[in-house]
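If you read the sequence shown in our numbering, its first letter stands for residue 121, the second for the next number, and so on. For glycine and all other residues, C-beta sits at the position ideal for the given N, C-alpha and C. Remember, it's a predicted structure, so these values are computed and weren't measured experimentally.
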Amino acid sequence: MAERDKHLILVVDDQATILRIMTNMIQPQYDVCVATNGDKAIDIAASLQPDLILLDNLMLGKTGIEVCEVLKAREDTDHIPIIL
C-alpha cells in the first residue's frame with residue numbers, strides 16, 4: 121500500500137449533518153472518508169485501511185457494535201483502532 125501524506129480517518133454515521141460536522145472538525149489535519157451505514161463502513165475499511173474509525177453506534181441496519189465485531193473478526197481490519 122502506498123504511503124499517505126496524512127493519516128486517514130473513516131467517519132461512519134447515518135446522519136449527513138453529523139458527517140459534515142465531523143469532517144469539518146477533522147480536516148485539514150487528516151484525510152477523511154465517510155460511510156453512511158455499517159456495510160459501507162466494512163467495505164471501505166477493508167479497501168482503504170484507515171488509520172482510525174470513528175463509528176456511530178445507533179444506525180439503521182448494522183449498529184456500531186455489530187460493525188465493530190465484524191471488523192475485529194477480520195484479519196484485514198482487526199488492527200484498525202475504532203472509537204464508538
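Task: Three-state class that DSSP yields for L178 in the structure shown - done: As a first step, residue 178 is located in the sequence shown; it is residue number 58 there, counting from the start. Looking at L178 - three-state DSSP - the assignment turns out to be coil, as it is neither helix nor strand.
TODO: Can you give me the Cβ contacts of H198 inside the same chain, cut-off strictly under 6 Å, excluding the 5 residues immediately before and after it?
DONE: Here residue 198 refers to the residue found at position 78 of the sequence shown. The sequence given here has Asp at residue 198, not His. If we look at D198 and ignore the five residues flanking it on each side, its Cβ neighbours are K192.
Open item on the list: I need the DSSP call for L139, collapsed to helix, strand or coil.
Closed with: Locating residue 139 in the sequence shown gives position 19, counting from the first residue. It is helical.
Open item on the list: To the nearest angstrom, how far is the alpha carbon of C188 from that of I203?
Closed with: Position 68 of the sequence shown, counting from 1, holds the residue named residue 188. Position 83 of the sequence shown, counting from 1, holds the residue named residue 203. Rounded to the nearest angstrom, the two C-alpha atoms are 9 Å apart.
Open item on the list: Tell me which residues share the same chain as I185 and place their Cβ nearer than 7 Å to its Cβ, disregarding the 5 neighbours each side in the sequence.
Closed with: Locating residue 185 in the sequence shown gives position 65, counting from the first residue. Excluding positions up to five away in sequence, the list reads N177.
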